[in-house]
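Trainee: Going by the numbering used here, the sequence shown opens with residue 325, and the numbers climb by one from there. Supplied in structure tokens, the structure appears directly below.
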Amino acid sequence: MSSELPPLDPARAALREHVLRYAVRTGDFTLKSGAKSSWFLDTKQTACRPDGVLLMAEVALSLIPSDIDAIGGLTMGADPVAFGIAAVAATRGLHLRSFSVRKEAKDHGVTGRIAGALQPGDRVVITEDTVTRGTSPLEAVEAVRAFGAEPVLITVIVDRGGTCAAMAAAAGVAFVPMLTALDLGFNYGT
């Protein structure tokens with residue numbers, strides 16, 4: 325970890341401090357990808373704390389276009405992020421509906437992969453807590469498109485890997501993380 329952190333706007337700096345305090349762990353870890361790392365992010369420690377929700381929502385709402393109808397992503401990583409941002413948005417008079425993308429289609433009750441308040445034709449923000457490779461948000465993009473809604477932006481609390489932007493661009497979706505590994509003093513993918 326670098327001792328010199330890059331300058332950030334006040335909202336992002338406050339979010340960074342929360343993530344560094346509660347979500348970053350150092351040691352020997354195996355990531356979802358199978359890669360080894362000397363640091364790990366459990367950003368649910370930010371997304372599931374009330375002060376963290378407020379900080380995360382402050383940054384996210386500054387990034388989200390005004391014509392967005394809904395926010396969500398692949399369950400479980402996206403759920404507290406999307407639900408927290410939507411709740412804070414409502415206190416500001418913004419009506420963002422939230423949803424989850426199931427990992428597998430449900431075959432009973434309300435079937436399919438989408439759960440929640442997403443509607444066909446919605447303009448959507450896809451979110452996630454942490455992204456290393458970018459596969460989860462891109463899977464959510466595909467499911468949302470199959471449902472008939474339009475993903476226009478992917479935002480995550482932390483871009484850990486530095487590869488999601490290119491994948492999102494190839495899928496025709498903008499990618500703007502709230503924070504990056506570099507913002508936290510780490511190199512991408514290490």
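Built from N, CA and C at the ideal position, the CB exists for glycine as well.
If distances are taken between C-alpha atoms only, which option among D391, P331, T354, A371 comes closest to R345?
Mentor: Locating residue 345 in the sequence shown gives position 21, where the first residue counts as 1. Out of D391, P331, T354, A371, A371 has the C-alpha closest to the C-alpha of R345.
Trainee: In the structure shown, what three-state DSSP assignment does E452 receive?
Mentor: By one-based count along the sequence shown, residue 452 stands at place 128. Note: E452 maps to strand in three-state DSSP.
Trainee: Exposed or buried, A384, counting other C-beta atoms within 10 Å across all chains shown (16 or more means buried)?
Mentor: For this step, residue 384 is matched to residue 60 along the sequence shown. Flag for A384 reads buried.
Trainee: Among F364, V425, L477, which residue has its Cα nearest to the Cα of G401?
Mentor: Along the sequence shown, read from residue 1 onward, the residue named residue 401 stands at position 77. Closest option to G401, Cα to Cα, is V425.
Trainee: Drop a sphere of 10 angstroms on the beta-carbon of G351, count the other beta-carbons inside from all chains shown, and report buried for 16 or more, exposed for fewer.
Mentor: What you label residue 351 is simply residue 27 of the sequence shown in a count that begins at 1. Flag for G351 reads exposed.
Trainee: Quick one: what does DSSP say E428 is sitting in, helix, strand or coil?
Mentor: Residue 428 sits at position 104 when you count from the first residue of the sequence shown. In this structure, E428 counts as strand in the three-state DSSP scheme.
Trainee: K427: which of G436, V482, H419, P334 sits nearest, CA to CA?
Mentor: Walking along the sequence shown from the start, residue 427 turns up at place 103. Residue G436 is the option with its Cα nearest to K427.
Trainee: Can you name the start and end residues of the beta strand (DSSP E) that R437 belongs to?
Mentor: Working through the sequence shown from its first residue, we reach residue 437 at position 113. Looking at the DSSP string, the run of the beta strand (DSSP E) that includes R437 is 436-440.
Trainee: Cβ atoms of G445 and A413: under 8 Å apart, would you say?
Mentor: Mapped onto the sequence shown, residue 413 falls at position 89. Mapped onto the sequence shown, residue 445 falls at position 121. Not closer than 8 Å, so no.
Trainee: Leaving out five residues on either side along the sequence, give the residues of the same chain with a beta carbon under 7 Å from the beta carbon of R373.
Mentor: One-based indexing of the sequence shown puts residue 373 at position 49. So the qualifying residues of the chain are Y346.
Trainee: V482 lies in the beta strand (DSSP E); which residues open and close that run?
Mentor: Looking up residue 482 in the sequence shown gives position 158. Where V482 is concerned, the enclosing beta strand (DSSP E) stretches over 474-483.
Trainee: Just confirm the distance between the C-beta atoms of R457 and T504, as a whole number of angstroms; I'd bet it's less than 8 Å.
Mentor: For the purposes of this step, residue 457 is taken as the residue at position 133 of the sequence shown. For the purposes of this step, residue 504 is taken as the residue at position 180 of the sequence shown. That pair is no contact at about 15 Å.
Trainee: Taking DSSP's pairing of strands, which residues face S460 in a bridge?
Mentor: Taking the first residue of the sequence shown as position 1, residue 460 is located at position 136. In DSSP, S460 forms no bridge with anything.
Trainee: Where G513 and W363 are concerned, what is the direct C-alpha to C-alpha distance, given to the nearest angstrom?
Mentor: Numbered from 1 along the sequence shown, position 189 holds the residue referred to as residue 513. Numbered from 1 along the sequence shown, position 39 holds the residue referred to as residue 363. Whole-angstrom Cα-Cα distance: 10 Å.
Trainee: Which residues in the same chain as D393 place their Cβ atom closer than 6 Å to its Cβ, once the five residues preceding and following it in sequence are excluded?
Mentor: Taking the sequence shown and counting its residues from 1, the one referred to as residue 393 is at position 69. Excluding sequence neighbours, D393 sits near D446, R447.
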